[in-house]
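Accompanying notes for the structure given below.
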Amino acid sequence: MSGSDFGAPLTTLKGIGEKTAALFGKLNLATVEELLEFYPRTYEAYGPPVYAGELEEGKVQAVRLQISKEVTVTWVKKMQIIRAAGRDMTGTVKLCWFNMPYLKTTLKPGSVYVFRGKAVRGRSGFSMDQPQMYAADSYETLQGRLRPVYSVTKGLPSKTIGQAVEQALKNMPVRKDPLPGWVREKYRLAEQNFALRQIHFPDDENSLVLARRRLVFDEFFFFILRVQQLKENREKKLNSFSMAGSAYVERVLDRLPYELTQAQQRTLGEVLADMEGAGVMNRLIQGDVGSGKTIIAFLALLKAAEHGYQGAVMAPTEVLAKQHEQAFRELLLDNEIPLRVELLTGSMTAKEKRLAYERIQNHEADIVVGTHALIQEGVEYADLALVVTDEQHRFGVHQRESLGGKGKEPHTLVMSATPIPRTLAIILYGDLDISVIDELPATRLPVKNCVIGPDKLPNTYEFLRKQTEQGRQAYVICAMVEESEGMEAENVTDYVKTVRNHLPEQITVSCLHGKMKPKEKNQIMEDFAAGRIQVLVSTTVVEVGINVPNATVMVIENAERFGLAQLHQLRGRVGRGSHQSYCVFINRSGSKTSEKRLDILNHSNDGFLIASEDLKLRGPGDFFGVRQSGVMEFRIGDIFTDSNVLKDASEAAALLLAEDPGLERPEHGELGRMMERDRERMRQDISL
Ligand code: ADP
Ligand code: MG
């Protein structure tokens with residue numbers, strides 16, 4: 004890397020050629036700066052060596068051993084196996100390596116090394132496969148250190164990533180800290196260069212805590228500054244649309260097969276009043292899964308369209324966009340409302356898109372439903388008056404700003420099921436007014452839950468069989484798409500086979516994951532919605548907003564790996580119809596703490612409560628555990644566990660803006676650059 008060029012491509016690092024760079028590309032890492040900001044997933048500690056007699060089954064430990072006899076070398080097919088044995092005063096450990104011929108000469112009888120690996124108990128004592136090997140004194144220098152563990156992709160192990168980071172850090176020029184000195188002092192923040200080094204290779208736990216706190220602060224701080232900018236820009240905008248009253252809204256409400264809850268009525272009132280107000284609407288509707296946010300959005304869109312304007316709904320996934328489109332068409336048909344709906348998604352052909360764009364531009368479409376393809380270049384609206392963003396937690400602040408700016412400033416309605424307390428919502432959505440739907444429709448039966456170990460899986464299959472025989476459908480959720488290095492979690496592609504084997508042939512089991520082509524995904528979701536698929540084995544892509552009321556069972560594998568808020572979101576896919584629904588959480592960790600956490604879900608269906616209990620149980624310092632990912636996707640910060648830092652960052656941003664509202668002073672120049680960079684990055688992050 005030359006000079007201060009953080010933007011240099013990764014190939015400027017030694018040992019990274021085009022091929023390796025392509026692997027890094029799979030992790031969305033192209034530049035040195037991106038690599039440096041690819042923070043470890045967790046850390047591994049080098050504990051002090053134990054005696055052979057103290058080894059514990061299944062645990063990764065270090066043990067200091069003397070090689071007790073000549074090593075043996077055998078071949079199985081093309082694999083060379085080296086076996087050795089080492090001992091100390093308390094016992095013997097068998098050691099074994101694959102394809103590492105040079106060990107033959109190193110492991111002389113009588114030599115002493117520290118071996119670190121997973122201890123497995125066999126018939127004749129403990130053994131370790133592929134242990135790492137250290138000279139006794141070199142292990143000593145590592146002891147007490149934390150080693151970074153990175154998220155990996157096939158062919159790119161954590162160690163390789165760590166080596167690249169180490170090199171990048173070595174070459175890293177010292178940067179001037181972009182945060183004003185008084186902010187760092189007031190909030191006791193570590194210096195930025197220090198933080199960046201220590202987050203990857205911490206000297207000790209204390210340095211790690213400091214480093215992380217600083218980086219989390221930065222992430223929140225720049226986010227909040229941008230939210231504040233948005234707020235500034237928006238507050239000045241006047242409502243240039245005239246839409247008094249709405250006969251369509253009245254008609255739909257009259258004929259609705261259910262009654263709106265009190266909370267829905269209140270929210271609808273606020274939305275409709277905003278649309279007739281002096282300023283442009285900027286409103287967030289926050290309501291738990293199943294609280295009925297969609298109908299509010301539809302009614303607002305009807306109002307806009309009835310008065311001759313266009314409205315748009317953005318959904319985070321194509322499947323959800325399609326579902327909204329269909330529901331909307333039905334609503335119009337049932338109520339004999341002659342409005343035109345247009346679907347716009349990424350998987351449409353170029354020609355289909357062009358035709359859709361034309362209809363939107365010529366106002367032959369009144370309501371546009373789509374994915375973020377909507378916000379891409381090429382879409383021009385004839386008269387856009389309302390933009391609804393569904394399931395906002397999947398979107399960064401970027402989406403909140405991108406549809407405005409074209410033509411007149413449209414009204415904005417953002418819908419979110421993120422279970423966050425109001426104080427946090429005010430910070431994160433500082434640019435929006437907030438309506439809360441804190442009530443579920445009364446007709447809903449609460450979902451029955453249970454947490455089980457893998458030993459109870461046969462009962463689960465039996466239960467799936469019974470439910471499907473009664474005509475119901477089920478989701479099975481796995482953590483991953485395919486087996487990947489260093490992760491022992493059930494994956495969709497293997498798991499779907501297991502599920503098929505355990506269920507009678509006539510039950511249709513299909514699989515859904517984010518790496519499938521959009522067309523394929525849509526087809527499967529449609530088949531599931533239409534009841535042609537009974538059991539859907541899926542990654543968390545179904546998490547967001549899907550509505551299949553006939554689905555009554557949700558089985559979640561490796562539930563211990565998910566944040567409770569995310570599990571709650573997943574659970575929200577069932578319990579949407581008139582039948583009793585069930586959610587089965589499978590805890591594979593065997594750990595009591597996990598069980599206790601998951602048990603919270605057992606006792607509550609209240610998203611707000613669940614998130615705060617999870618926080619209490621884990622404590623604010625616990626960042627080695629499960630992240631509440633899926634809630635608001637920050638790179639390192641977690642709005643729950645880091646809520647104190649979030650409050651600090653919010654206060655700091657307010658103080659800074661009071662002093663220099665436009666961030667125009669020369670000493671704040673670097674801040675502007677950081678915000679711009681974050682904005683670019685979020686733009687990339689949303690290309691799902
Ligand atoms: P979410 O808030 O999670 O987006 P939806 O808007 O998808 O929830 O609503 C879930 C289901 O509840 C839908 O099938 C919808 O028709 C139904 N629903 C909405 N409001 C009510 C209500 N007041 N009474 C009964 N059912 C309702
Ligand atoms: Mg929804």
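Under our numbering, the residue at position 428 of the sequence shown is numbered 431, and the numbers go up by one with no gaps.
We put the beta carbon where it would ideally sit given N, CA and C, even for glycine.
Bear in mind the structure is a predicted one, so any value in this text is a computation, not a measurement.
Helix, strand or coil for D291? Go by DSSP, reduced to three states.
Coil.
Is the beta carbon of L1 sitting closer than 9 Å to the one on L302?
Outside the displayed span of the chain (4 to 691) sits residue 1, for which this structure offers no information.
For F224, does the three-state DSSP call read helix, strand or coil?
Of the three classes helix, strand and coil, the one that applies to F224 here is helix, per DSSP.
For the ligand ADP, is there any heavy atom lying closer than 8 Å to the beta carbon of T297?
Yes, since a heavy atom of the ligand ADP falls inside the 8 Å radius drawn around the Cβ of T297.
With Q135 as the anchor, note down where its beta strand (DSSP E) starts and where it stops.
Counting along the chain, the beta strand (DSSP E) containing Q135 begins and ends at 135-137.
Helix or strand or just coil, what does DSSP make of Y42?
In the structure shown, Y42 sits in coil (DSSP, three-state: anything other than H, G, I, E or B).
Less than 8 Å separating the Cβ of N642 from some heavy atom of the ligand ADP?
Checking the sequence, you will find Ile at residue 642 rather than Asn. Outside the cutoff, so no.
Considering only residues of the same chain and omitting the five flanking positions on each side of T23, which have a CB-CB separation below 7 Å?
Excluding residues within five positions, none has a Cβ falling inside 7 Å.
Excluding five sequence neighbours on each side, which residues of the same chain lie with their C-beta closer than 8 Å to the C-beta of V90?
The residue you asked about is not Val; residue 90 is Arg in the sequence shown. The answer, listed in chain order, is A55, L68, Q69, S71, V96.
For Y105, is the classification buried or exposed, using 16 other Cβ atoms within 10 angstroms of its Cβ as the cut-off for buried?
Result: exposed.
Among F220, R200, V439, whose alpha-carbon lies nearest the alpha-carbon of L211?
Out of F220, R200, V439, R200 has the C-alpha closest to the C-alpha of L211.
Just curious, the beta strand (DSSP E) that Y478 is in, first and last residue?
From DSSP, the beta strand (DSSP E) with Y478 extends over 476-480.
Just to confirm, are L604 and N590 a CB contact at a threshold of 9 Å?
Going by C-beta atoms, L604 is not nearer than 9 Å to N590.
Just to confirm the assignment, what range does the alpha helix (DSSP H) spanning T596 have?
Element bounds for T596: 595-606.
Cβ-heavy atom distance between M418 and the ligand MG below 8 Å?
M418: yes, Cβ under 8 Å from the ligand MG.
Starting from D651, trace the alpha helix (DSSP H) in both directions and tell me its first and last residue.
Unbroken alpha helix (DSSP H) run through D651: 646-662.
When you compare only the Cα positions, how much space is there between R187 and D221?
So the two alpha carbons sit approximately 11 Å from each other.
For K17, name the three-state secondary structure that DSSP assigns.
Coil, per DSSP.
Using only CA atoms, which one of E309, I536, L334 lies nearest to L256?
If we check each option's Cα against that of L256, L334 comes out closest.
For a test of your reading of the model: does the CB of V252 fall under 8 Å from any non-hydrogen atom of the ligand ADP? Yes or no.
No, Cβ of V252 sits at least 8 Å from all heavy atoms of the ligand ADP.
If I follow the unbroken beta strand (DSSP E) through P12, where does it start and stop?
No beta strand (DSSP E) contains P12, which DSSP labels as neither H nor E.
Where does Q146 fall in DSSP's three states?
Three-state DSSP puts Q146 in coil, outside helix and strand.
My output table needs one value for Q537: the three-state DSSP class, helix, strand or coil.
Of the three classes helix, strand and coil, the one that applies to Q537 here is coil, per DSSP.
Using the Cα positions of G314 and Y498, report the straight-line distance between them to the nearest angstrom.
When rounded, the distance between both Cα atoms is 42 Å.
Considering only heavy atoms of the ligand ADP, does any lie closer than 8 Å to the CB of I335?
Inspection of the sequence shows that residue 335 is occupied by Leu rather than by Ile. Because no heavy atom of the ligand ADP lies under 8 Å away, the Cβ of L335 does not count as near it: no.
Beta carbon of D393: closer than 8 Å to some heavy atom of the ligand MG?
Checking every heavy atom of the ligand MG against the Cβ of D393, one is found closer than 8 Å.
Apart from the five residues on each side of it in sequence, which residues of its chain come closer than 8 Å, Cβ to Cβ, to T542?
These residues qualify, in order along the chain: I480, C481, A482, M483, V484, V495, L515, H516, G517.
Below 9 Å between beta carbons: does that hold for G295 and I440?
Closer than 9 Å, so yes.
State buried or exposed for M317, treating a residue as buried only when at least 16 other CB atoms are found within 10 Å of its CB.
With 16 or more other Cβ atoms within 10 Å, it is buried.
Let me know if Y261 comes out buried or exposed under the rule of 16 or more other beta-carbons within 10 Å of its beta-carbon.
Exposed, since its Cβ has fewer than 16 Cβ neighbours within 10 Å.
How many Å lie between R119 and F225 at the Cα?
Spanning the two alpha carbons is a distance of roughly 41 Å.
Flag E345 as yes when its Cβ comes closer than 8 Å to any non-hydrogen atom of the ligand ADP, and as no otherwise.
No, since every heavy atom of the ligand ADP falls outside the 8 Å radius drawn around the Cβ of E345.
Under 7 Å Cβ to Cβ from A247, same chain only, skipping five residues before and after it: list those, please.
E279.
Name the DSSP bridge partner or partners of E345?
DSSP output for E345 lists V371 as bridge partner(s).
Cβ atoms of G575 and V292: under 9 Å apart, would you say?
Taking 9 Å as the Cβ cut-off, V292 and G575 qualify as a contacting pair.
Please identify the residue among K469, I437, R269, P521 whose C-alpha is closest to the C-alpha of T352.
Ranking K469, I437, R269, P521 by Cα distance to T352 puts P521 first.
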